[in-house]
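Going down the list, the protein sequences come from chains Z and S. Position one of the first sequence corresponds to residue 4 (our numbering), numbered consecutively onward. Position one of the second sequence corresponds to residue 6 (our numbering), numbered consecutively onward. Using N, Cα and C, we set each Cβ at its ideal position, and we do this for glycine too.
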Amino acid sequence: MPNYVTDVTDPGTSLPGSVTSAPRHSPTLRKLRRAGVPALAMTPFFLYTILGLGIPTITVVDLAFRTSSGKFTLANLHAATTGVYRLGFENSIKMAVLTSVIPGILGVILAYAIQTGRSGVMRRLVATASGVLANFGGVNLTFMFIAAYGSQGIITLWLHAIGINPYSHGLRLPTFWGVSFVYMYFQIPLMVLVITPALSGLRPSWREAAQNMGASSWRYWRHVGIPVLLPSILGGMLLLFGSSFAAYATAEALTGGIIALAPIQIGDLVNGNVISGQQNLGYAIGFGMLVVLAVTMILYGLVRRRASKWLR
Amino acid sequence: MATIGAAMSAEFMMEEALAPQAPVNRRRPRFRTWRLIVMLLAGAYFLLPIYAGLKFALENDAGHFSFFAVKALPTEPGFGAAFWLSMRLSLVTVVLSMVLMVPTTIYVHLRLPKVRRVVEFITILPIVIPPIILITGVLGSYPLWLKASPYLLSLVYVILAMPFVYRSLDAGLSSIDLKTLVEASRSLGGSWFATMRRVILPNLRPALLSAMVLSLALVLGEFTMASLDLWETIPVWIVNFQQQDGHVTVAASMLGLIGSWVLLTLIVSLDRSQSRRSLRKTGGL
């Protein structure tokens, strides 16, 4: 666009002698000011996020590739993907898959049961409860579960009373399965939250159309319901995967750090239980976790796009 | 981790309230059986631990009902210090996060709608990047004088709270006609400060409240960063104290859970009334 057009639309320069409310500045100064005010207003936010989010993340990536004396190395990454640290990654991924697929399915079933239920009170109650419970990983949840299912827990004692001893079968809380069991307490409500909008997007007319054409309930689900919902369900499960993969507090408080999970190993390394020469190993594990999470989020983005095809 | 839930819940509540009323169901009765089973199982899984936790907290070693654990809690060694540390950290976090996010979000809404996408993306990042990685990065890069202060945690908690704070404020600002309000106030001669204080902020009260409550709940329950930064906040104290007395530990946990449940139920219903108000408004237009 030629320059004078913009000049004409700018009242300050096109009418140099006219009275304007703005103080008299040269055009360049005004332009500077026009760009400067938004930049100035956004500076605190961007500065804060660069310092608080950008620099720590870059530090993790950077130190993952350095020796303790600052030289470039791939040894940390090699150590992070072999031996006990490889096991940590495998356990973390296994647990994240387990605690995203099972709560994912259970969450869909629960959400569907509520969605199709006639009780509006129930629906509101469960929606509120899900919003609240989905926020409860962490230490407090852990001790509630210890009170219930720990070796002296109330439900454990009930089971003893009717002659079942879960602990003699290895079903204890500070184990892989125990931690997974606790995770479901916040994963299922999270799935209910994520999937309910998608479920309410299933139009009754689709079901009626299928019925009119003689489809059984099973065929409706097989050919209409599940295919439409599948991207949303997968998207929800990917979110659950990320949430479970990154979780530290619950597992640490429950097991005291004896379980080999990637976040716990980072915690141990940072806490100073390091073998000399491997100070930056924790950062390498962190870098590995970031890669896994980045892949998860890319998949989530792809699935999300697919999900919006039919729903809304 | 659990952070996704909070961010989702605010958005979800809005969506749910704005969605058209669910169609009346004409279900056949045979569906009732499976629904009943699902609800019973879910009820058992979610309610039994709560019952057990409460019972355990209100019991003495002999198994009799007693308030001894709750009464002993304030005098247990270290609890007082942990409590005050958590309180100070949450106060600093809430104030700092409001001072940073409220003007930014309002400005983006009013003047820079193009930047909204960018801000949205940045504020979602703390959910994607796990706290454990963030804190190792912070400990690996920040100067020693800052690492020596407990308020470093507050600085990082502001980042952790950003997803909820931004989403609450964003939802609140979207539900009012910000531009008209500001133009009206300005054309009546109100200064920017008066417009903020007497027009925008009162209209944003529910959103502000929910942002503050969410960040408060986050700070009071945060364990990962505090424990790696070696500061004994309430959750860290609970974990360190667990060897001493199980009943006291569970009592502290249950108090924490109940407190957060009450706070969060409060803001979830606040969200609901706020979105209902905006629904009524759009319906009336």
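Along the alpha helix (DSSP H) that carries residue i, what are the first and last residues, could you check?
i       : result
W89(S)  : F84 to R116
Q249(S) : Where Q249(S) is concerned, there is no enclosing alpha helix (DSSP H), given that its DSSP letter is neither H nor E.
Y162(S) : Y156 to S179
R37(Z)  : P30 to T52
P192(Z) : F179 to S203
A263(Z) : Where A263(Z) is concerned, there is no enclosing alpha helix (DSSP H), given that its DSSP letter is neither H nor E.
Y251(Z) : Looking at the DSSP string, Y251(Z) is not in any alpha helix (DSSP H), and its letter there is neither H nor E.
F228(S) : Run containing F228(S): none; DSSP gives neither H nor E here.
S208(Z) : P207 to N215
H69(S)  : From DSSP, H69(S) is part of no alpha helix (DSSP H); its letter is neither H nor E.
D65(Z)  : I58 to A67
A199(S) : W197 to T200
T299(Z) : L284 to A310
I167(Z) : Premise fails: I167(Z) is in no alpha helix (DSSP H) and is neither H nor E.
V123(S) : R121 to V133
V187(S) : L183 to S192
N65(S)  : Note, N65(S): premise wrong, no alpha helix (DSSP H); not H, not E.
A83(Z)  : A78 to A83
L144(S) : P136 to S146
L151(S) : L149 to K152
W221(Z) : S220 to Y223
Against chain A, does residue i count as a neighbour if the rule is that its beta carbon must be under 8 Å from one of theirs?
i      : result
R40(S) : The structure shown contains no chain A; the protein chains it does contain are Z and S.
How would you list, in chain order, the residues of chain Z whose beta-carbon sits under 7 Å from the beta-carbon of residue i?
i       : result
A47(S)  : L113
L94(S)  : The contacting residues do not exist; L94(S) stays about 15 Å from chain Z at best.
V244(S) : V142 and A256
R116(S) : P41
Could you name the residues of chain Z that residue i contacts, counting a contact when the two beta carbons are closer than 9 Å?
i       : result
W150(S) : Here the premise fails: no neighbours, minimum Cβ distance about 15 Å.
V255(S) : F146, M147, I149 and A150
T336(S) : No answer is possible for residue 336(S): the residues shown for chain S start at 6 and end at 290.
S258(S) : V142, N143, L144, T145, F146, M147, I149 and A150
V120(S) : P41 and M45
P240(S) : G141, V142, N143, A252 and A256
At a CB-CB cut-off below 9 Å, which residues of chain S make contact with residue i?
i       : result
G217(Z) : Ordered by position in chain S, no residue passes the 9 Å Cβ test against G217(Z), which lies about 17 Å from the chain.
P106(Z) : Going along chain S, no residue has its Cβ under 9 Å from P106(Z), so there is no contact; the nearest lies around 11 Å.
M98(Z)  : Simply none; closest approach about 13 Å.
M300(Z) : V133
Which residues of chain S have a Cβ atom closer than 8 Å to the Cβ of residue i, listed in chain order?
i       : result
G156(Z) : A57 and F61
N79(Z)  : Chain S residues near N79(Z): none, gap ~13 Å exceeds 8 Å.
I269(Z) : I137, I138 and T141
N94(Z)  : In chain order: nothing, as chain S lies at least about 15 Å away.
L124(Z) : The sequence shown places Val at residue 124(Z), not Leu. Residues of chain S passing the Cβ test: none, with the nearest at roughly 13 Å.
G304(Z) : Those do not exist, as G304(Z) stays about 11 Å from chain S at its closest Cβ, beyond 8 Å.
Which chain Z residues sit within Cβ distance under 8 Å of residue i?
i       : result
T109(S) : A44, M45, P47 and F48
V43(S)  : I112, L113 and A116
W236(S) : In chain order: nothing, as chain Z lies at least about 13 Å away.
L53(S)  : A151 and I158
Under 7 Å Cβ-Cβ, which residues of chain S neighbour residue i?
i       : result
G238(Z) : The premise fails here: G238(Z) is roughly 12 Å from chain S at the closest Cβ pair, so nothing lies under 7 Å.
Under 8 Å, with one C-beta from each stretch per pair, do the stretch 59-75 of chain Z and the stretch 208-222 of chain Z reach the 3-pair mark?
no
Taking one C-beta from the stretch 102-120 of chain Z and one from the stretch 170-181 of chain S each time, how about it: are there three or more such pairs within less than 8 Å?
no
Would you check if there are 3 or more beta carbon pairs closer than 8 Å linking the stretch 106-119 of chain Z to the stretch 227-246 of chain Z?
yes
If contact is defined by three or more beta carbon pairs under 8 Å, each pair taking one atom from either stretch, is the stretch 77-86 of chain S in contact with the stretch 166-184 of chain Z?
no
Interface residues of the stretch 133-167 of chain S facing chain Z [CB-CB below 9 Å]
V133, I134, P135, P136, I137, I138, L139, I140, T141, G142, V143, L144, G145, S146, Y147, L160, V161, V163, I164 and M167
Count the C-beta pairs between the stretch 260-273 of chain S and the stretch 206-221 of chain S that are closer than 8 Å, then say yes if the count reaches three, no if not.
yes
Residues in the stretch 173-198 of chain S having any Cβ partner in chain Z nearer than 8 Å
none
Counting only runs of 4+ residues fully inside the stretch 109-161 of chain Z, write out the alpha helix (DSSP H) ranges in chain order.
123-136 and 142-152
Using a Cβ-Cβ cut-off of less than 7 Å, give me the residues of the stretch 53-69 of chain Z that come near chain S, in sequence order.
G55, L56, I58, P59, T60, T62, V63 and L66
Is it a yes or a no for the stretch 148-156 of chain Z touching the stretch 48-59 of chain S, going by three-plus beta-carbon pairs under 8 Å?
yes
Quick check: the stretch 237-253 of chain S against the stretch 193-207 of chain S, are at least 3 beta-carbon pairs closer than 8 Å?
no
Is it the case that the stretch 81-89 of chain Z contacts the stretch 227-237 of chain Z, given that we only count it when at least three CB pairs across the two stretches are under 8 Å?
no
Which residues, in order along the stretch 129-146 of chain Z, keep a beta-carbon less than 9 Å from a beta-carbon of chain S?
V129, A130, T131, A132, S133, G134, V135, L136, A137, N138, F139, G140, G141, V142, N143, L144, T145 and F146
Okay, do the stretch 87-98 of chain Z and the stretch 262-277 of chain Z touch, 3+ Cβ pairs below 8 Å being the bar?
yes
Given a limit of 9 Å on CB to CB distance, which residues of the stretch 222-234 of chain S reach chain Z?
A222, L223, G226, E227, F228, T229, S232 and L233
Taking only beta carbons into account, state which residues of the stretch 249-266 of chain Z come closer than 7 Å to chain S, listed in chain order.
A249, A250, Y251, A252, A256 and P266
Looking at C-beta atoms only, is the number of pairs between the stretch 230-249 of chain S and the stretch 148-161 of chain S that lie closer than 8 Å three or more?
yes
Evaluate contact between the stretch 135-148 of chain S and the stretch 73-80 of chain S, counting only Cβ atoms and requiring at least three cross-stretch pairs below 8 Å.
no
Mind the definition here: the stretch 108-120 of chain Z touches the stretch 194-205 of chain Z only if three or more C-beta pairs lie below 8 Å; say whether that holds.
yes
The stretch 33-47 of chain Z: positions lying closer than 9 Å to chain S by Cβ
V40, P41, A44, M45 and P47
Between the stretch 248-261 of chain Z and the stretch 114-134 of chain Z, do three or more beta carbon pairs fall short of 8 Å?
no
Along the stretch 69-83 of chain S, where does the CB come closer than 7 Å to a CB of chain Z? Name the residues.
none
Any residues in the stretch 280-297 of chain Z with a beta carbon nearer than 7 Å to a beta carbon of chain S? Which ones, in chain order?
G285, Y286, G289, M292, L293 and L296
How about the stretch 128-135 of chain Z and the stretch 289-309 of chain Z: do they share at least three Cβ pairs that are nearer than 8 Å?
no
Under 8 Å: do the stretch 121-139 of chain S and the stretch 186-194 of chain S share three or more Cβ pairs, one atom per stretch?
no
How about the stretch 282-294 of chain Z and the stretch 161-171 of chain S: do they share at least three Cβ pairs that are nearer than 8 Å?
no
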